[in-house]
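Student: Take a look at this one; I'll ask things after.
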Amino acid sequence: MAQAVADHPVTEQSGTNYINAQRGILSWLLTVDHKRIGLMYLVSTTIAFALGGFFALMLRLELLTPRKTFMDAATYNQAFTLHGAIMVFLFIIPAIPGALGNFVLPIMLGAKDVAFPKLNLLSLYLYWTGAIFTLSSLVTGGLDTGWTFYVPYSATTGTAVVKVTLGVFIIGFSSILTGLNFIVTVHKLRAPGVSWFRLPLLVWALYATSVVQILATPVLGITLVLLMMERVLHIGIFDPTLGGDPVLFQHFFWFYSHPAVYIMILPGMGIISEIIAVHAKRRIFGYKAIAFSSMAIALIGFLVWGHHMFVAGQSQLAATIFSFLTFLVAIPSGVKVFNWLLTLWRGSISYRTPMLFALAFMFLFTIGGLTGLFLGMLSVDMHLHDTYFVVAHFHYVMMGGTVVAFIGGLHHWWPKITGKLYSEKLGAASAALIFIGFNATFFPQFILGARGMPRRYYNYLDQFQPLHQFSTVGSWIIGLGMLVVLYNLLSSLRSGASAPSNPWGGRSLEWQTASPPVTENFEVAPKVTHGPYDFSTESQ
Amino acid sequence: MIAPETAPSHEPIHQGTFWLPKASSTLAPGVDHAWDVVMWVSVFFFVIVIGTMAYFMWKYRRRTDKDETSTVDHSAKLEITWTILPLVIVMGLFFVGLSGFMNASVAPSDSYEVQVTGERWLWTFIYPNGAISPSRLVVPKGKPVRMVMSSKDVIHSFYVPEFRIKRDVIPGQYTSIWFEATEVGKYTLECAEYCGTGHSDMLATIEVMEPEQFKQWLESAGGDKSLPPAKRGEALFNKWQCSACHALDGSRKVGPSFKGLYGREETMSDGRVIKADENYLRESILLSNAKIVKGYDPVMPIFKDMLKDDDVNDLIAFIKEQK
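Respectively, the protein sequence lines represent chains A and B.
Per this note's numbering, the very first residue in the first sequence carries number 1; after that it's consecutive.
Per this note's numbering, the very first residue in the second sequence carries number 1001; after that it's consecutive.
Rendered as structure tokens:
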């Protein structure tokens, strides 16, 4: 592999790197190395993803027939609740910042570590603690409130609401501390020459995400504490039998959980900017537009929470204002898509695994975004709210968007993280399986919802069975695709070829150091004299 | 496929276009118009984005590692265009959506009012003349009907796909929505807000009648006195959707099965053993949570204000027959 683009001398395979620098389980559990912490996040969130995915497959299996297939209604309700809660709180929110963000953000800045390495380790421990509380509900009565914990249902159900909310509360602190750490790191630890407009766009995206994490997560924490107090002390904030207002809970909940949607998608968008530019070997189009649109999404995202409640009894005036603001937030997402498109224009597009996932993202996220317009329209939402159309919409954004971006990013930085190359053939096969399986699973759900199939239904009208069955078969294809990803990546550790320091010809700093990097990230402190997307292949 | 249990079967949702159910209320065409507009906008942008992407993917595929790539990395004109143009379009969508929503929110002043109560897992409709109709909402065609809705326990949501209306039903406050049905027939009302084990069985039938027929129904809404008590009890059992929670074949649902219940000794949650006689059954129907059989949750609605003495007698007669 040509090293023409490397600015700094790189010692290939010099022997020591961050993985083998120290040995023993304690060297991992007590590490303050952002790369090791990132790797532990990667393993943890992957386990959470597998668990959430298992519940998803069980749900789809149950829905093969309109009535009982193999589990009863109470079990089904617990399964969709845990699927949602695990995927949102244990996987999708922490995965990209915790795993990939932790690994690449400091290197992209030319820093040795994040600003507060010990705090970073604390974040991981908080995540683990919260995860244990959340998952302990599996063996102590389950949880059947839906991941949204709506009162008064959640204030009265006999399941383990307090345990799970406590778990989510603790994970919230993990999220806040990671956000704080990233913000300070970006402000204070940029290497000489890394100006704000030379930051890779993933850094901008993680920065915007961190702002949301810090500002929104405390509201979730307060809401969950109030919910716990409601259950334990019966104080009457939300429960109408005690004089409370159940709609107030929804306001509080979505005041966090809508911005949280952007915590989930923004890092994914950042990854896509990296992959597309590097694998098209082309200067990114509209750098500032993409960077500022991340900040715009982060800020406007705070003002649209009411669109989850158009039919929930909020005033018509409030609904109108929220609908208006919701349409505004569509614009910066559109701007990003158009700029990514133009980055392909007169580029040199290679079709290696990360790029395949990035292109799949473009397709799926476009559908996810456009179907959001349906739901933003007040009258159409009256029909579609709480139907499978909504389920399909957010899976196109969250899974077709964030998860596909995450898997793409994982393949993009895998050689850097592990020092190994995986099989491109299996990579392409997994991307194809996931893309096909995803559309087979979720596109029918748009049709189901539009035709009047409500979500969270254990039994359903017979007329919906063919589409449900189609969707279930799709879920098996996704499952297979995920197994291929897992096999491909894990077998590369054993039998993959050694990765060069810069397998894709990237220009940002993480490609200018060894694969895998040394503990201090760089052997020589980097000085940067060009932007992250100034490719040497450019025509002059 | 497993045959439906004893629960009354519900009307399928009548298909209209490929995407949407039949439009059977005066509000539906407005919603469908908005749907059409946003669908065309989406198809337009989808074709532009994915079409361009596919073309670039082919045209600019890598040929050699030394391919030269463009240095053009911004264009103020383009950025402004693809900010302003979509902005104008989505503002249009906003106004289209707003008008349909406002129509649904403000009921005509001559609306016929029905009180709607949601509780786990039963819809009950109360008419101005005092008639109570569980699980069956009968309305006249061509007249606006306004639902004044409240919940007795958790949040539910009143959703009729063919009418394109949905509104949450919340404990401790009233919400309302209205519709004017345009076609005689039967429709299915679905609960759209998750409310627990029986959520997906919380359906009701909406029957749209000609106004004359509706008048007759309303006057005679009371039941048929010519049937034997156990038969009338069976009708009540179906009418009140008892089957959502109580099986007749001995299987366990949310509540105990009625099979062999009469005369049996049951252990209560406080450890007492009680024989299921007439007085126990009466109390368990009217003040359902007074005694709970061990292993079950106290979730049954209170029927004290909804059933007459005769009804309770008929229901007990029906339960006695389930040997």
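Ideal Cβ positions, reconstructed from N, Cα and C, are used throughout, including at glycine.
How do the region 125-136 of chain A and the region 198-216 of chain A stand: do at least 3 beta-carbon pairs fall below 8 Å, yes or no?
Tutor: no
Student: Kindly identify the DSSP beta-bridge partner or partners of B/Glu1207.
Tutor: B/Val1138 and B/Lys1186
Student: Distance, Cα to Cα, A/Pro267 vs A/Gly474?
Tutor: 27 Å
Student: Let me make sure I understand the geometry here. Which of B/Arg1232, B/Lys1141 and B/His1014 has the alpha-carbon closest to that of B/Lys1308?
Tutor: B/Arg1232
Student: Can you tell me where the beta strand (DSSP E) holding B/Gln1115 begins and where it ends?
Tutor: Counting along the chain, the beta strand (DSSP E) containing B/Gln1115 begins and ends at Tyr1112 to Glu1119.
Student: At a Cβ threshold of 8 Å, is A/Leu373 touching chain B?
Tutor: True, the Cβ-Cβ gap to chain B drops below 8 Å.
Student: Is B/Pro1256 helix, strand or coil by DSSP?
Tutor: coil
Student: Pull out every residue of the region 325-347 of chain A whose Cβ sits closer than 9 Å to any Cβ of chain B, in chain order.
Tutor: Going along the region 325-347 of chain A in chain order, one finds Thr326, Phe327, Leu328, Ala330, Ile331, Pro332, Gly334, Val335, Val337, Phe338, Asn339, Trp340, Leu341, Leu342, Thr343, Leu344, Trp345, Arg346 and Gly347 with a Cβ nearer than 9 Å to chain B.
Student: What does DSSP give as the partner residue(s) for B/Val1148 in the beta ladder?
Tutor: Answer is B/Gln1115 and B/Ser1176, bridged to B/Val1148.
Student: Report the neighbours of B/Leu1020 on chain A: residues whose CB is nearer than 9 Å to its CB, in chain order.
Tutor: His383, Ala450, Arg451 and Gly452
Student: Using a Cβ-Cβ cut-off of 8 Å (strictly less than) and excluding sequence neighbours within five positions of A/Pro516, which residues of its own chain qualify?
Tutor: Residues Asn17, Tyr18, Ile19, Lys35, Lys416, Ile417, Thr418 and Gly419 of the same chain have their beta carbon placed closer than 8 Å to that of A/Pro516, with the five preceding and five following residues left out of the count.
Student: Between the region 261-279 of chain A and the region 221-238 of chain A, do three or more beta carbon pairs fall short of 8 Å?
Tutor: no
Student: At 8 Å on the CB atoms, spell out the chain A contacts of B/Ile1196, in chain order.
Tutor: In the sequence as displayed, the identity of residue 1196 of chain B is Gly instead of Ile. Within chain A, the residues near B/Gly1196 are Asn77, Asp144, Tyr153 and Thr157.
Student: Indicate whether at least one CB of chain A lies closer than 8 Å to the CB of B/Met1001.
Tutor: With a pLDDT of 32 at B/Met1001, under the threshold of 50, the modelled position of that residue is not reliable, and the figure given next carries that caveat. Answer yes: the Cβ-Cβ gap between B/Met1001 and chain A drops below 8 Å somewhere.
Student: Quick check on the DSSP output: the beta strand (DSSP E) that includes B/Val1273 runs from which residue to which?
Tutor: It spans Val1273 to Lys1275 - the beta strand (DSSP E) in which B/Val1273 sits, taken as one unbroken run.
Student: Give the single residue among B/Ile1132, B/Arg1146, B/Ile1165 and B/Pro1086 whose Cα lies nearest to the Cα of B/Asp1032.
Tutor: Measuring from the Cα of B/Asp1032, the nearest candidate turns out to be B/Ile1165.
Student: Alpha carbons only, please: which of B/Val1088, B/Ala1076 and B/Ser1099 is nearest the one belonging to A/Ile290?
Tutor: B/Ala1076
Student: Please name the residue in A/Arg456, A/Ser471, A/Gly408 and A/Thr320 whose C-alpha comes closest to that of A/Ile436.
Tutor: A/Ser471
Student: Would you call the region 175-185 of chain A and the region 153-164 of chain A touching, i.e. three or more CB-CB distances under 8 Å?
Tutor: no
Student: Would B/His1246 be called buried (16 or more neighbouring beta carbons within 10 Å of its own) or exposed?
Tutor: buried
Student: Exposed or buried, A/His530, counting other C-beta atoms within 10 Å across all chains shown (16 or more means buried)?
Tutor: That one is exposed.
Student: Take A/Leu224 and list the residues in its own chain whose beta-carbon comes closer than 7 Å to its own, dropping the five residues that flank it on each side.
Tutor: Thr165, Val168 and Phe169
Student: Under 7 Å Cβ-Cβ, which residues of chain A neighbour B/Gly1118?
Tutor: One finds nothing in chain A with a Cβ atom closer than 7 Å to the Cβ of B/Gly1118; even the nearest lies about 13 Å away.
Student: Is the beta carbon of A/Thr217 closer than 8 Å to that of A/Tyr256?
Tutor: yes
Student: List the endpoints of the continuous alpha helix (DSSP H) containing A/Thr178.
Tutor: Val161 to Lys188
Student: Who are the near neighbours of A/Leu493 in its chain, counting only those whose CB is closer than 8 Å to its CB and skipping five residues on each side?
Tutor: Thr418 and Lys420
Student: Would A/His393 be called buried (16 or more neighbouring beta carbons within 10 Å of its own) or exposed?
Tutor: buried
Student: Quick one: complete alpha helix (DSSP H) runs, 4+ long, within the region 198-261 of chain A?
Tutor: Those alpha helix (DSSP H) runs which fall completely within the region 198-261 of chain A and span 4+ residues are 201-233.
Student: Please list the residues of the region 1121-1144 of chain B that have a C-beta atom closer than 7 Å to any C-beta atom in chain A, keeping them in chain order.
Tutor: Answer set for the region 1121-1144 of chain B: empty.
Student: So is A/Pro454 buried or exposed if we call it buried at 16+ other beta carbons inside 10 Å?
Tutor: buried
Student: Could you spell out where the alpha helix (DSSP H) holding A/Glu424 opens and where it closes?
Tutor: Glu424 to Ala450
Student: Just the chain A side, please: which residues come within less than 7 Å of B/Arg1167 by C-beta, in chain order?
Tutor: Val311
Student: The beta strand (DSSP E) spanning B/Glu1266 covers which residue range?
Tutor: Glu1265 to Thr1267
Student: Candidates A/Arg507, A/Arg60, A/Gly146 and A/Ala525: which alpha carbon is nearest A/Phe442's?
Tutor: A/Arg60
Student: Would you list, in chain order, the members of the region 355-371 of chain A that have their beta-carbon closer than 8 Å to a beta-carbon of chain B?
Tutor: Leu359, Met362, Phe363, Thr366, Ile367, Leu370 and Thr371
Student: Name the chain D residues that come within less than 9 Å of B/Ser1257, Cβ to Cβ?
Tutor: The structure shown contains no chain D; its protein chains are A and B.
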